[in-house]
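*Asks:* Just dropping this structure here.
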Amino acid sequence: MPELPEVESTRRRLVPSMVRARITAVDLRRPDLRGPFPRRFAARLTGQTVNALDRRAKYLVASLSSGETLLMHLGMSGSFRTLPDGPARRAEALDPHDHVVFHMSSGRAIVFNDPRRFGMMELVAAGKLARHAVIGRLGPEPLSSNFDGAALARACRGKKTSLKAALLDQRVVAGLGNIYASEALHIAGISPTRRASILATASGAPREAAHRLADAVRFVLEKAIARQSPGTYRDDRFLVYDRAGERCSKDGCSGVIKRRVQTGRSTFFCPVCQR
DNA sequence: ATTGAGACCTGTCGGC
DNA sequence: TGCCGACAGGTCTCAA
2 MPELPEVEST RRRLVPSMVR ARITAVDLRR PDLRGPFPRR FAARLTGQTV
52 NALDRRAKYL VASLSSGETL LMHLGMSGSF RTLPDGPARR AEALDPHDHV
102 VFHMSSGRAI VFNDPRRFGM MELVAAGKLA RHAVIGRLGP EPLSSNFDGA
152 ALARACRGKK TSLKAALLDQ RVVAGLGNIY ASEALHIAGI SPTRRASILA
202 TASGAPREAA HRLADAVRFV LEKAIARQSP GTYRDDRFLV YDRAGERCSK
252 DGCSGVIKRR VQTGRSTFFC PVCQR
């Protein structure tokens, strides 16, 4: 379930048991996750204090007392849960897809579960994060002041690929995934198949659609994060995602939601109100 | 350099 | 019921 909103709510959920707590032990139950898994991963983490837990795009970024950074990605099917540390040391409390367990001095255990194992963990040396091959090339955070119509237009200038594909490119905007890319295009009323370059003039200045799309991106993500806060009503119906064949919900629109495949991923859109 | 196809891995669901 | 293909919220690598 992980796009930016899910990663962000995961982060918020983990902060109380993880931040300012020491890693007392790491149980690496299955080390063949994606990414350059350092040798002696567990030993290098053990004894370190987590000074902060941040998010960049869909990555969780744990700052460690050594100055190193622990990067964590949920892939397609990853999730974290916490439980009291004692029970987490008993095998029967864990499932076969619980691959990593961090035992924390807070008395909590943080368990990484990932059936498909597209998830990733990587220990990055102090000072190397900004030049990291992926992190260093990420586009703006969509909820930050660095992201607006002008930034989006600049990133899409001259791009021959579709707008849908451009929104999934983490160098254009960091953290959007397949669901919210479709949702944002629907809110903005723009067809997912149009070329990304239409957002900018030849000189790279933003056209009106760029502002509308950037606003829609921000809107869907903020709404999704708010919806997932603990204790709030969770309404996870989407406007278009996974709703092929249903009526478009936009006021006054008589369209029917269509599904099509773009660069190998499903796109959902209304052919009537998205032009 | 940019772009799209295929690969990675497991689970679930719908159709026959 | 069981088998089989299609599909799943991500990203990496490779070749055109």
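The opening position of the first sequence corresponds to residue 2 in the working numbering, with each subsequent residue numbered one higher.
Backbone N, C-alpha and C fix where the C-beta goes; we use that ideal spot for every residue, glycine too.
(1) Have a look at Met121, Ala43 and Ser80 and flag the residue whose alpha-carbon is nearest the alpha-carbon of Thr11.
(2) Can you tell me the Cα-Cα spacing of Gly137 and Arg109, whole angstroms?
(3) How far does the beta strand (DSSP E) with Leu71 in it extend, from its first residue to its last?
(4) Select from Leu240, Arg213, Arg14 and Arg45 the residue whose C-alpha is nearest the C-alpha of Val27.
(5) Less than 8 Å between the C-beta atoms of Met121 and His187, yes or no?
(6) How should Val262 be labelled, buried or exposed, when 16 other C-beta atoms within 10 angstroms of its C-beta is the threshold for buried?
(7) Taking 8 Å as the threshold, find out whether the region 246–257 comes into contact with the region 31–40 through three or more Cβ pairs.
(8) Verify whether the separation of the beta carbon atoms of Met105 and Arg208 is less than 8 Å.
(9) Is His100 near Asp115, with beta carbons less than 8 Å apart?
(10) Rounding to the nearest angstrom, what Cα-Cα distance links Arg82 and Arg14 in this structure?
(11) Less than 8 Å between the beta carbons of Val8 and Leu65, yes or no?
(12) Does DSSP put Thr264 in a helix, in a strand, or in coil?
(13) Assuming Val27 is part of the beta strand (DSSP E), what are its boundary residues?
(14) Have a look at the DSSP bridge pairing and note the partners of Val125.
(15) Cα-Cα, which of Gln275, Thr264, Leu222 and Arg228 is closest to Lys251?
(16) So the candidates are Asn147, Val20 and Gln49; which of them puts its Cα closest to the Cα of Asp55?
(17) How many angstroms separate the CA atom of Ser192 from the CA atom of Ala151?
(18) Mapping DSSP to helix, strand and coil, what is Arg155?
(19) Can you name, in chain order, every residue of its own chain whose Cβ lies under 6 Å from the Cβ of Leu168, other than the five neighbours on each side?
(20) Please classify Ala156 as buried or exposed, where buried requires at least 16 neighbouring CB atoms within 10 angstroms.
(21) Taking the straight line between their C-alpha atoms, what separation do you get for Val218 and Phe269?
(22) According to DSSP, is Lys165 part of a helix, a strand, or is it coil?
(23) What did DSSP end up calling Thr83 once you bin it into helix, strand or coil?
*Replies:* Taking the coordinates as given:
(1) Cα-wise, what sits closest to Thr11 is Ser80.
(2) For Gly137 and Arg109, the distance between alpha carbons rounds to 32 Å.
(3) Looking at the DSSP string, the run of the beta strand (DSSP E) that includes Leu71 is Thr70 to His74.
(4) Closest in alpha carbon position to Val27, among Leu240, Arg213, Arg14 and Arg45, is Arg45.
(5) In this structure, Met121 lies away from His187, with their beta-carbon atoms at least 8 Å apart.
(6) Counting other Cβ atoms within 10 Å of its Cβ, Val262 stays below 16 and is therefore classed as exposed.
(7) In short, these stretches do not touch, since the Cβ pair count stays below three.
(8) In this structure, Arg208 does not lie closer than 8 Å to Met105 by Cβ.
(9) Yes, they are a contact pair.
(10) One C-alpha to the other measures close to 9 Å.
(11) Between Val8 and Leu65, the gap from beta carbon to beta carbon reaches 8 Å or more.
(12) Looking at Thr264 - three-state DSSP - the assignment turns out to be coil, as it is neither helix nor strand.
(13) It spans Ile24 to Leu29 - the beta strand (DSSP E) in which Val27 sits, taken as one unbroken run.
(14) Looking at the DSSP assignment, Val125 forms a beta bridge with Thr70.
(15) That would be Gln275, whose Cα lies nearest to the Cα of Lys251.
(16) Nearest Cα to Asp55 within the set Asn147, Val20 and Gln49: Val20.
(17) Taking the straight line from one Cα to the other gives about 19 Å.
(18) Looking at Arg155 - three-state DSSP - the assignment turns out to be helix.
(19) So the qualifying residues of the chain are Leu177 and Ala182.
(20) For Ala156, the number of other beta carbons within 10 angstroms of its own is at least 16, and it is reported as buried.
(21) When the Cα atoms are used, Val218 and Phe269 turn out to be separated by approximately 16 Å.
(22) Lys165 falls in the helix class under three-state DSSP.
(23) In the structure shown, Thr83 adopts extended strand secondary structure according to DSSP, grouped into three states.
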